[in-house]
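Just so it is clear: in the sequence shown, position 296 is 296 by our numbering, and no numbers are missing. Ideal placement from N, C-alpha and C gives every residue a C-beta, glycine not left out. Down below is the structure, laid out as structure tokens.
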Amino acid sequence: MRPPLVAQEHDTDTQRTLKAARPLTRAIMPKTVLHAWLLPHIPRSLMRSRAIIIFASSVVQRLSVMALTILASRMLGSDEFGRFAIIYATCINLTLFVGDGLAATANRYMPLLAEQEPEALRKTVGNIISAAVAVAVLLAAAVAVSAPVLNRVMSRAIDLQALIHISSFIVLGLIPNTVMNAVLHSVGMSKAAALAALLTALTVLGGGLWGASIGGAYGMCVGFLGGTLIGTAFYAGLVFRRFGFGVLSPTLAAGFVKSEMFSKFAVPTVATMAMGGPVHWYCLSILSSSPAGLHGVAVFSAFFQWYSLVTFLPAALNNFTIPWLAAHSGTDAFRKKALLIIGVNVAIALCLLLFAYIGQDYVVGLYGPDFAGGGNVLVLLAACGVFAVLAAVMNQVAWAGGRSWRNLVVVLVYSSLYVLGAFVFVKLYDLGAAGLAWAILGAGIVQGIIQIVLVFGPDRRADSRAVTP
Numbered sequence: 001m002r003p004p005l006v007a008q009e010h011d012t013d014t015q016r017t018l019k020a021a022r023p024l025t026r027a028i029m030p031k032t033v034l035h036a037w038l039l040p041h042i043p044r045s046l047m048r049s050r051a052i053i054i055f056a057s058s059v060v061q062r063l064s065v066m067a068l069t070i071l072a073s074r075m076l077g078s079d080e081f082g083r084f085a086i087i088y089a090t091c092i093n094l095t096l097f098v099g100d101g102l103a104a105t106a107n108r109y110m111p112l113l114a115e116q117e118p119e120a121l122r123k124t125v126g127n128i129i130s131a132a133v134a135v136a137v138l139l140a141a142a143v144a145v146s147a148p149v150l151n152r153v154m155s156r157a158i159d160l161q162a163l164i165h166i167s168s169f170i171v172l173g174l175i176p177n178t179v180m181n182a183v184l185h186s187v188g189m190s191k192a193a194a195l196a197a198l199l200t201a202l203t204v205l206g207g208g209l210w211g212a213s214i215g216g217a218y219g220m221c222v223g224f225l226g227g228t229l230i231g232t233a234f235y236a237g238l239v240f241r242r243f244g245f246g247v248l249s250p251t252l253a254a255g256f257v258k259s260e261m262f263s264k265f266a267v268p269t270v271a272t273m274a275m276g277g278p279v280h281w282y283c284l285s286i287l288s289s290s291p292a293g294l295h296g297v298a299v300f301s302a303f304f305q306w307y308s309l310v311t312f313l314p315a316a317l318n319n320f321t322i323p324w325l326a327a328h329s330g331t332d333a334f335r336k337k338a339l340l341i342i343g344v345n346v347a348i349a350l351c352l353l354l355f356a357y358i359g360q361d362y363v364v365g366l367y368g369p370d371f372a373g374g375g376n377v378l379v380l381l382a383a384c385g386v387f388a389v390l391a392a393v394m395n396q397v398a399w400a401g402g403r404s405w406r407n408l409v410v411v412l413v414y415s416s417l418y419v420l421g422a423f424v425f426v427k428l429y430d431l432g433a434a435g436l437a438w439a440i441l442g443a444g445i446v447q448g449i450i451q452i453v454l455v456f457g458p459d460r461r462a463d464s465r466a467v468t469p
């Protein structure tokens, strides 16, 4: 077992890169003044390049989802688009938290394996990817079997079981895609990961719009499924080309469950995310079963994309910030770098909130006449996004510092307040989509305050120790 990272705090990621590069550079470059200046700057420039690639890839994905939402809402109208929105929420919120948790595990542990043998890295990649595929199969089967129950929770008046069955197949692609993307970024294949993400985004956009044009919500779900599975095939080809077919096996999936990654990081991280996605799906189901119905779901889901726009920066750089912070965990630079990331993200989120407030009439007009009068929902969700940005970055700081169990407690408080707010504002006061936005805003404010106190409280140095892999 390797010693804790805190004991290696003077051996930074830059120094490790220089050590690895030294034999090659000595062979091809004489010891000149240029050599002395260039070599120390290589790791920094590579890190900036990697961040730009990750960011650009996520921007393309976010824009494709927004384009799909805006165009489909105009093509289908609020009721038919509401059907797709509730199914999309089932795929994303009810199951993808597992993929996000495993992706965070890859981001957390891959940088710590940089000095180990390639076989050790290949085994860890196999552990995580095999676990992702196994979980995807189990969750897809669970969604398909529980379709009648899910239909009853989401809507008693409308039969959505056929769409729910399609969503179970979408899960088979979404979870592995998320994990393989994180793995490729973590092993230095950012360009390949960005290309795979771009291909997936474009095929999902094209397939979804084509399906919507010929088959309404049902056709849109089928098109979304086709685009997702094409992306899965492309990701798998990249992973197998780098690590071989041996990274996918039941034995490696079982090995992941027995590893320290599972007990010390993956379990609390997935549990933390389970308090977010499934809880959001349940609250959205409260909205769909209220008098607002699928129209309320359509309005909320359409403008929720602007919430996602506000929060896209920390999500876009998730595959960059966690490894970067993890490499400095246990050092004096950890807190300074964490504060820098928090400040930049919150400042950009506030600018986007101001844009949503000023341009709300124009934005609402993009979605068609069925969504008129939803400007208050748009602004509320953009405000929610500011606090969600704070929460997301705080989570990244906590994961990088090895404080996953503390995250679970904070998110449990958020989820409880969110469900309570949904009952009060949607069920009791019948505020529809705006009521659900108010519920998110109240829970987000409380969560942000608690996270600031816990992350930067008096015991921050003790908590910033890394977990030994």
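* Determine, using beta carbons only, whether M275 and V179 come nearer to each other than 9 Å. => Going by C-beta atoms, M275 is not nearer than 9 Å to V179.
* M110 versus M189: straight-line alpha-carbon distance, rounded -> Approximately 13 Å, taken between the alpha carbons.
* Asked: Which full runs of the alpha helix (DSSP H) of 4+ residues lie inside the stretch 322-393, going along the chain?
  -> Within the stretch 322-393, the complete alpha helix (DSSP H) segments of 4 residues or longer fall at 333-358, 360-365, listed in chain order.
* Which two residues bound the contiguous alpha helix (DSSP H) that contains Y282? -> Run containing Y282: 277-288, per the alpha helix (DSSP H) assignment.
* Asked: Quick one: complete alpha helix (DSSP H) runs, 4+ long, within the stretch 127-189?
  -> Whole alpha helix (DSSP H) segments, 4+ residues: 147-154, 161-186.
* Find out if the Cβ-Cβ distance for the pair L205, G126 is shorter than 9 Å. => Against a cut-off of 9 Å, the Cβ pair of G126 and L205 comes out as no contact.
* To do: Drop a sphere of 10 angstroms on the beta-carbon of Q472, count the other beta-carbons inside from all chains shown, and report buried for 16 or more, exposed for fewer.
  => Since the first residue of the chain shown is 1 and the last is 469, residue 472 is not available in this structure.
* Asked: Can you give the beta carbon distance from S288 to S78, rounded, assuming they're within the 8 Å contact cut?
  -> Actually they are not in contact, since the Cβ atoms of S288 and S78 sit about 12 Å apart, beyond 8 Å.
* Take I452 and list the residues in its own chain whose beta-carbon comes closer than 6 Å to its own, dropping the five residues that flank it on each side. => There are no such residues.
* To do: Rounded to whole angstroms, what's the CA-CA distance from R335 to I342? Just pull it up for me.
  => In a straight line, the C-alpha of R335 is about 11 Å away from that of I342.
* Asked: So, is F81 buried or exposed, given that buried needs 16 or more other C-beta atoms within 10 angstroms?
  -> Buried, by the Cβ-count rule.
* To do: For L150, I'd like the list of residues in its chain whose CB is within less than 6 Å of its CB, leaving aside the five on either flank, ordered along the chain.
  => Excluding positions up to five away in sequence, the list reads I164.
* Asked: Rounded to a whole number of angstroms, what is the C-alpha to C-alpha distance between L138 and F262?
  -> Take the alpha-carbon of L138 and the one of F262: they are about 18 Å apart.
* Asked: Skipping 5 residues on each side, what residues in its chain have a beta carbon closer than 6 Å to that of F245?
  -> Within the same chain, no residue comes within 6 Å of F245 by CB-CB distance, once the 5 residues on both sides are set aside.
* To do: Pair every Cβ in the stretch 166-180 with every Cβ in the stretch 117-124, then say whether three or more of these pairs are closer than 8 Å.
  => Taking one beta carbon from each stretch, the stretch 166-180 and the stretch 117-124 have fewer than 3 pairs nearer than 8 Å; the two do not touch.
* To do: For G432, collect the residues of the same chain with a Cβ closer than 6 Å to its Cβ; drop the 5 residues on either side in sequence, then sort them by chain order.
  => Same-chain partners within the cutoff: A292, G296.
* If we count the other Cβ atoms within 10 Å of its Cβ and call it buried at 16 or more, is V393 buried or exposed? -> Counting Cβ neighbours within 10 Å, V393 comes out buried, since at least 16 surround it.
* **Beta-carbon separation (whole angstroms), A106 vs I128, contact threshold 8 Å** => Indeed they touch by this definition, with Cβ atoms about 5 Å apart.
* To do: May I ask you to check if the CB of T200 is nearer than 8 Å to at least one heavy atom of the ligand NAD?
  => Looking at this structure, you won't find the ligand NAD or any other ligand, since it has none at all.
* Return helix, strand or coil for P291, following the three-state DSSP convention. => Correct three-state label for P291: coil.
* Asked: Is L76 closer than 9 Å to I166 when the C-beta atoms are compared?
  -> No.
* Answer with buried or exposed for K258, where buried requires no fewer than 16 other C-beta atoms within 10 angstroms of its C-beta. => Exposed, by the Cβ-count rule.
* Asked: From G374 to F303, what does the alpha carbon distance come to, in whole angstroms?
  -> Approximately 8 Å, taken between the alpha carbons.
* Sufficient close CB pairs (3 or more, under 8 Å) joining the stretch 384-391 to the stretch 432-448 -> Touching, yes, given that three or more Cβ pairs across the two stretches are closer than 8 Å.
* If we ignore side chains and look at the alpha-carbon of each, how far apart do N345 and A391 end up? -> Rounded to the nearest whole angstrom, the C-alpha separation of N345 and A391 is 11 Å.
* Between the Cα of A372 and those of Y307, V299, A437, V59, spot the shortest distance and give me the residue it belongs to. => For the residues Y307, V299, A437, V59, the minimum Cα distance to A372 belongs to V299.
* Helix, strand or coil at L431 [DSSP, three-state] -> Coil, per DSSP.
* On the three-state DSSP scale, how would you describe G77? -> DSSP places G77 in the helix class (H, G or I) of the three-state scheme.
* Straight-line Cα distance separating Q360 from P43 -> In this prediction, P43 scores a pLDDT of 49, lower than 50, which makes its location untrustworthy; no coordinate-derived value is stated.
* Residues of its chain near L63, where Cβ-Cβ distance is below 6 Å and the 5 sequence neighbours each way are ignored -> Counting only residues of its own chain and dropping the five nearest sequence neighbours on each side, L63 has no CB closer than 6 Å to any other CB.
* A274 lies in the alpha helix (DSSP H); which residues open and close that run? -> Looking at the DSSP string, the run of the alpha helix (DSSP H) that includes A274 is 267-274.
* Beta-carbon proximity list for V133, same chain, < 7 Å, skipping 5 on both sides -> Cβ neighbours of V133 beyond the five flanking positions: P176, L248.
* Which stretch, first to last residue, makes up the alpha helix (DSSP H) that contains K258? -> For K258, the enclosing alpha helix (DSSP H) stretches over residues 250-258.
* Would Y218 pass as a contact of L184 if the rule is Cβ separation under 9 Å? -> In terms of Cβ geometry, Y218 and L184 do not form a close pair [threshold 9 Å].
* Go through its chain and collect everything with a Cβ distance to A144's Cβ below 7 Å, but skip five positions before and after it. => Counting only Cβ-Cβ distances below 7 Å, and skipping sequence neighbours, we find H165, S168.
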